[in-house]
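For reference, the structure is listed below as structure tokens.
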Amino acid sequence: MLTALALLLLPAALACLVAGIVWTRRRGAESSGRQEQWQLPPAPPGRWPVIGHFHLLGPLPHQTLAELAKRHGPNLMSLHLGSVLAIVASTPQAAQLLLQSHDHCFASRHRSAATLHLGFNRSDILTSPPSAYWRRMRQLCSSDLFSPKRILSFQPMRAAGVRSLLSEILAHRDSPMQLRPALLTTMLDIIAKMAIGRSLSRVSCHATDLMSEGYERRLKAVAQQWGSLLQGVLDERRWADEGDRRHSGSSSAMGTDVLDVLLSLPELTDDNIKGVIANMFMGGTDTTAITIEWALAELLANPPTLKALQNELDMVVGTTRLVEEEDLTNLPYLQAVVKETMRLHPVGPFLVPHQSSQACEVGEYKIPADTRVLVNVWAIGRDPNVWDNPSRFDPNRFMEKGSYSHVNVYGRHFELIPFGSGKRKCPALSLGLLSVHFFVASLVQAFDWKLPSTSPIVDFEEKYGLAVTLASPLCIIPSPRVDKFSVDRCCLN
């Protein structure tokens, strides 16, 4: 029976095979002509019909593309991802070409279900195409929303978040705990208070679930829930402000959170406001928490580095109080630890993908409009042509006598651009960097950390998703540094 069935299916199989060969040759000819017309960067072999190079990516595409770039395009490489043409930059020179020299051409964003739903029809800052609105919001971010004065006004919220986190960790003293859930909850709470003036847990008991489910599980449903949640916050604030005006003749005097600023701008729609607030949650929660977890993982895997950082904190801050934000500029080794963490473990290994808004000549290549641009900052951070001993965690490289003491993360040194560069550089860079420094310093100062006996070695295997995380969340044992100061007393102050 099977033989008869095979004979019946054989003609159809042969027809499909012939059609596939014809299609592939035709596509190959078209692709060859298009490549000649556009003069694209080299592409890896193995492009399949329909899916292109998707099958090459694997579960960790940033690592796969780094290896492919070594063989097929050390600077720029072409990829066909289904019907989408993408260009991958894997060196500082290539990143500078795309993000600085030709920033005007590659500052756009691609349209997707995620940008439409979670960006409230691209009404936010992150996914909005270059436009007068986008330029106005970028200017607002630098002059107000994330200005030094505004960030300083949020200091009490960050300090309260640190105390809350230390208190939670203290409850697990000398017992194994996963740090990531506590970090995520703390960051979500701080962002909520800065953005809308209250904890999200007071608005929705499912807020943390919404953050974690986001893009990957229930995109459209989650976007609708986010929209309803944020619209409720907007309506409530407007109602409260109207009540203040009726009773006192003026609007609410609070004026301390981002929502107040946005509501004061009559040209913004509700979708604009919700988009900006959503950007704060999605850009400032996972990224900050995961970076802190990576830093702790590297410090635990490198005990001399952990000890050196604790010594710096004890010398600069002392042993009778917790570190404060004012201390951070006097802690160069802490800053070096954070730089080294971001070099080896950028949570967004491709940044947020750019897209060309028009045809553009980049060096010897001609790139068509609507080309996706991926800057592989993970590959750049581990490039042996850029870094000495690139796989080694060594903060000393960024210290005064180190070879890379001049390098910072502000987008001017393309060896290290975890926040991007150019027109699309993260507008909340200063806030995110401050938060990482403050929390890493607080955790290292307040506690000694060790790995459980069941997992005595840090597992650095990665998991690719919205952010690149440790595949197995870091499980560690905190012990108060009682020989230095009382964490209990500090947490109660």
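If you use mature numbering (1 follows the signal peptide of the UniProt record, and there is no 0), the sequence shown corresponds to residues -20 to -1, 1 to 473, in order.
We put the beta carbon where it would ideally sit given N, CA and C, even for glycine.
Item checked: According to DSSP, residues forming a beta bridge with Y313 -> Position 333 of the sequence shown holds residue 313. In the DSSP output, where bridge partners are listed per residue, Y313 has none listed.
Check: Straight-line CA distance for M260 to A23?
Finding: The residue labelled residue 260 in the question sits at position 280 within the sequence shown. The residue labelled residue 23 in the question sits at position 43 within the sequence shown. Cα-Cα distance, rounded: 36 Å.
Check: Roughly how many angstroms lie between the CA atoms of C185 and T166, to the nearest whole one?
Finding: Residue mapping note: residue 185 aligns to position 205 of the sequence shown, counting from 1. Residue mapping note: residue 166 aligns to position 186 of the sequence shown, counting from 1. Reliability of the predicted coordinates at C185 is poor, the pLDDT of 45 falling under 50, and the value obtained from them is presented with this limitation in mind. If you take the alpha carbons of C185 and T166, they lie about 14 Å apart.
Next item on the list: Have a look at V355 and N369 and give me their C-alpha separation to the nearest angstrom.
Entry: Residue 355 sits at position 375 when you count from the first residue of the sequence shown. Residue 369 sits at position 389 when you count from the first residue of the sequence shown. Cα to Cα, V355 sits roughly 22 Å from N369.
Checklist line | Pairwise C-alpha distance: I457 and F427 | finding: Start at 1 with the first residue of the sequence shown, and residue 427 comes out as number 447. Start at 1 with the first residue of the sequence shown, and residue 457 comes out as number 477. Approximately 9 Å between the Cα atoms of the pair.
Check: Quick one: what does DSSP say H417 is sitting in, helix, strand or coil?
Finding: Position 437 of the sequence shown, counted from the first residue, corresponds to residue 417. Three-state DSSP puts H417 in a helix.
Item checked: Paired residues, beta bridge with D428 - DSSP -> The sequence position of residue 428 within the sequence shown is 448, counting from 1. In DSSP, D428 forms a bridge with S459.
Next item on the list: Taking all protein chains shown into account, decide if W358 is buried (16 or more other Cβ within 10 angstroms of its Cβ) or exposed.
Entry: As a first step, residue 358 must be located in the sequence shown, where it is residue number 378. With 16 or more Cβ atoms within 10 Å of its Cβ, W358 is classed as buried.
Next item on the list: Answer yes or no: do V33 and L59 have a C-beta to C-beta separation smaller than 8 Å?
Entry: Mapped onto the sequence shown, residue 33 falls at position 53. Mapped onto the sequence shown, residue 59 falls at position 79. The amino acid at residue 33 is misidentified as Val; the sequence shows His. Yes; because the gap between Cβ atoms is below 8 Å, this pair is in contact.
Item checked: Opposing strand residues paired with K443 [DSSP bridges] -> The residue given as residue 443 occupies position 463 in the sequence shown. Paired residues: T449.
Notebook entry, point to check: Anyone know if the C-beta pair for M174 and V238 falls short of 8 Å?
Noted result: Start at 1 with the first residue of the sequence shown, and residue 174 comes out as number 194. Start at 1 with the first residue of the sequence shown, and residue 238 comes out as number 258. Yes, the Cβ-Cβ distance between M174 and V238 is below 8 Å.
Next item on the list: Out of P39, S92, F100, state which residue places its alpha-carbon closest to the alpha-carbon of G255.
Entry: Along the sequence shown, one-based indexing puts residue 255 at 275. Closest by alpha carbon: F100.
Next item on the list: Take H334 and list the residues in its own chain whose beta-carbon comes closer than 6 Å to its own, dropping the five residues that flank it on each side.
Entry: One-based indexing of the sequence shown puts residue 334 at position 354. So the list reads F86, V353, once near-sequence residues are dropped.
Next item on the list: Count the C-beta pairs between the region 417 to 424 and the region 309 to 318 that are closer than 8 Å, then say yes if the count reaches three, no if not.
Entry: yes
Note to self: Cutting at 8 Å between CB atoms, please list the residues of its own chain near S88, excluding the five before and the five after it.
What the structure shows: Start at 1 with the first residue of the sequence shown, and residue 88 comes out as number 108. Same-chain partners within the cutoff: P109, P110, H334, Q335, S336, S337.
Next item on the list: Identify every residue that forms a DSSP beta bridge with K346.
Entry: In the sequence shown, residue 346 corresponds to position 366, counting from 1. Per DSSP, E341.
Notebook entry, point to check: With 16 as the cutoff for other CB atoms within 10 Å, does S415 come out buried or exposed?
Noted result: By 1-based counting over the sequence shown, the position of residue 415 is 435. With 16 or more Cβ atoms within 10 Å of its Cβ, S415 is classed as buried.
Check: For the beta strand (DSSP E) that V64 lies in, which residues bound it at each end?
Finding: Translated into positions along the sequence shown, residue 64 becomes position 84. That run of the beta strand (DSSP E) goes 64 to 69.
Margin query: Taking 8 Å as the cut-off, does the region 115 to 134 touch the region 280 to 290 (at least 3 CB pairs, one atom from each stretch)?
Written below: no
Next item on the list: State yes or no: is the C-beta of C455 within less than 8 Å of the C-beta of S433?
Entry: If you number the sequence shown from 1, residue 455 lands on position 475. If you number the sequence shown from 1, residue 433 lands on position 453. No, the pair does not count as a contact, with Cβ atoms beyond the cut-off.
Check: By how many angstroms is the C-alpha of L168 removed from the C-alpha of A447?
Finding: As a working mapping, residue 447 is identified with position 467 in the sequence shown. As a working mapping, residue 168 is identified with position 188 in the sequence shown. Taking the straight line joining both Cα atoms gives about 15 Å.
Next item on the list: Give the secondary structure of H60 by DSSP, where H, G and I count as helix, E and B as strand, and everything else as coil.
Entry: What you label residue 60 is simply residue 80 of the sequence shown in a count that begins at 1. H60: strand per DSSP, three-state reduction.
Check: Between the region 59 to 76 and the region 360 to 377, are three or more C-beta pairs nearer than 8 Å?
Finding: yes
Notebook entry, point to check: From which residue to which residue does the alpha helix (DSSP H) around V296 run?
Noted result: Taking the sequence shown and counting its residues from 1, one reaches residue 296 at position 316. From DSSP, the alpha helix (DSSP H) with V296 extends over 283 to 297.
Notebook entry, point to check: Where does the unbroken alpha helix (DSSP H) through R404 begin, and where does it stop?
Noted result: Residue mapping note: residue 404 aligns to position 424 of the sequence shown, counting from 1. Note, R404: premise wrong, no alpha helix (DSSP H); not H, not E.
Note to self: Measuring straight from C-alpha to C-alpha, what distance separates A46 and R102?
What the structure shows: For this step, residue 46 is matched to residue 66 along the sequence shown. For this step, residue 102 is matched to residue 122 along the sequence shown. When rounded, the distance between both Cα atoms is 31 Å.
Next item on the list: Name the one or two DSSP bridge partners that H334 has.
Entry: Working through the sequence shown from its first residue, we reach residue 334 at position 354. DSSP lists V353 as partners of H334.
Next item on the list: Could you spell out where the alpha helix (DSSP H) holding I105 opens and where it closes?
Entry: As a position in the sequence shown, residue 105 is number 125, starting the count at 1. Looking at the DSSP string, I105 is not in any alpha helix (DSSP H), and its letter there is neither H nor E.
Note to self: Looking only at its chain, what residues have a beta carbon closer than 6 Å to the beta carbon of T95, apart from the 5 residues adjacent to it on each side?
What the structure shows: As a position in the sequence shown, residue 95 is number 115, starting the count at 1. Answer for T95: R102, T107, listed in chain order.
Margin query: By the three-class DSSP mapping on this structure, what secondary structure does M157 have?
Written below: The count along the sequence shown starts at 1 and reaches residue 157 at position 177. Strand.
Note to self: For a quick check, are the C-beta atoms of L163 and A275 less than 8 Å apart?
What the structure shows: Here the question's residue 163 lines up with position 183 in the sequence shown. Here the question's residue 275 lines up with position 295 in the sequence shown. Taking 8 Å as the Cβ cut-off, L163 and A275 do not qualify as a contacting pair.
Check: Just reading off the alpha helix (DSSP H) that Y113 is part of, what are its end residues?
Finding: For the purposes of this step, residue 113 is taken as the residue at position 133 of the sequence shown. That run of the alpha helix (DSSP H) goes 112 to 120.
Next item on the list: For N55, count neighbouring Cβ atoms within 10 angstroms of its own Cβ and tell me buried if that reaches 16, exposed if not.
Entry: Translated into the one-based positions of the sequence shown, residue 55 becomes position 75. Classification for N55: buried.
Checklist line | Per-residue burial, E292 [other beta carbons within 10 Å of its own, 16 or more giving buried] | finding: For this step, residue 292 is matched to residue 312 along the sequence shown. With 16 or more Cβ atoms within 10 Å of its Cβ, E292 is classed as buried.
Notebook entry, point to check: In this structure, does DSSP put W367 in helix, strand or coil?
Noted result: Within the sequence shown, numbered from 1, the residue matching residue 367 stands at position 387. Residue state, collapsed to three classes: coil.
Margin query: Using only the alpha-carbon positions, how far apart do T351 and G298 sit?
Written below: Mapped onto the sequence shown, residue 351 falls at position 371. Mapped onto the sequence shown, residue 298 falls at position 318. Going from the Cα of T351 to the Cα of G298 covers about 53 Å.
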